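Quick notes on the structure that follows.
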Amino acid sequence: MDTGICTLVDLDVPIDELVRAIAAAGFSHVSLSHDPAHAFYQTADGRARLRDLLDETGLRLNYIHAPLARWVDLASLDEQTRRASIELTKLALKACGELDGNAVVAHVSGLLRIPDSQLDAMAGRALESLDELAAYAGEHGVMLCIENLPGIEDCSKVTLRVMRMLENDDIHFCVDPCHATILNPDAVELMRMMAPRVKATHLSDTMGEADSHLIPYEGNVDWGSVTSMLGEAGYDGVVDLESSLWMLRMRHDQHRLHREDPLPCSLEKYLEKAQLAARRLGEQIRAARRN
């Protein structure tokens, strides 16, 4: 299966250098992180530069992660905030289409704390936003995927409501096993519910308590179940990792380590390990699909 990794792997490295390193590691695809300023896709000149970079390296664009901030909220009950969030996501969709990418991955909400009394109304607003964005995505020849979020954040409650209420077949899922596993005994059930709609992956690992973005097989994610569910659902997309040396290095620099964090290494070595993990995951998904 094709393999990819998101530029979240190291946002301290300039985009040109990083994309070349990803290509040198043997990945077929690159995905762009939540930070438009790192990839420069927010301008026509930036998109032209990215096009040249993709042509030079032979990499294909898999997805762009829509911009993130705590205020960016497709489910917001404040209409101005909701409209601004929609426009940011449309920026990513337009860029993805111009760069012949496959999808844009979006968060339904970014709020950490939401009153229970607002959850249903926010889910309704989110569905309105997603219907509009799915139509826009179709106009640009890309898919719209929403991502499962860590259960310790209230935005995940809105996201789960939306996932269960969805009727629009043009809205897809991006499965994040790391998010699903954090302090969640029902992680496998959540991912099984998502599997039939999954069109993109954020594959990284965790010991179970934090959003660590480790390389798969470095933590406690049940990769046997993840790959079986994806294979049985017929997933044949890119095996795309969202592991992050950048985040690991920051935790070490700030002395805020997660349990059993490994030591940082060079970008070249990290990408080599990530590529091996991606190939292993792809083999497991393919085997489950054959069965």
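Take the sequence shown: its position 15, counted from the start at 1, is 14 in numbering that gives the first Met the number 0, and no numbers get skipped. All C-beta atoms, glycine included, are put in the ideal place defined by N, C-alpha and C. This structure is a prediction, so every number in the text was calculated from the model and none was measured.
About 7 Å separates the beta carbon of Ser211 from that of Gly218, a gap short enough to meet the 8 Å contact definition. Considering only Ala276, Ala91, Leu110, Arg288, the residue with the shortest C-alpha distance to Glu231 is Arg288. In the structure shown, Ala134 falls within a helical segment according to DSSP collapsed to helix, strand and coil.
In the same chain as Gly96, and ignoring 5 residues on each side of it, the C-beta atoms closer than 6 Å to its own belong to His139, Gly140, Val141, in chain order. Sequence-distant Cβ neighbours of Ala91 in its own chain, meaning closer than 6 Å and more than five residues away, are Ile63, Ala65, Val103. Taking the Cα of Val225 as reference, the smallest distance to any Cα among Leu202, Leu244, His254, Ile214 is reached at Leu202. Listed as beta-bridge partners of Glu146 by DSSP are Cys173. Secondary structure note for Gly281: its alpha helix (DSSP H) is the uninterrupted segment 266-289.
Taking a contact to require three or more Cβ pairs closer than 8 Å, the stretch 78-86 and the stretch 157-177 do not qualify as touching.
Taking C-beta atoms under 8 Å as the contact rule, Arg69 and Ser27 fail to qualify, at a distance of about 34 Å. Bridge partners of Ala38 according to DSSP: none are assigned.
DSSP places Ala232 in no beta strand (DSSP E); its state is neither H nor E. Residue nearest to Glu267 within the set Ser243, His106, Gly233 is Ser243 (criterion: CA-CA distance). Here Met190 is not near Ala199, since their CB atoms are 8 Å or more apart.
Taking the CA atoms as reference points, Met0 sits about 17 Å from Gly223. By the beta-carbon neighbour count (other beta carbons within 10 angstroms, threshold 16), Ala36 is exposed. Annotation: Asp239 is outside any alpha helix (DSSP H); the continuous beta strand (DSSP E) that includes it extends over 238-240.
With 16 or more neighbouring CB atoms inside 10 Å of its own CB, Tyr40 falls in the buried class.
For His64, there is no enclosing alpha helix (DSSP H); the enclosing beta strand (DSSP E) has its first and last residue at 59-64. Secondary structure note for Gly45: it is in no beta strand (DSSP E), and the uninterrupted alpha helix (DSSP H) holding it is 43-56. The C-beta distance from Arg258 to Met206 rounds to 5 Å, short enough to fall under 8 Å.
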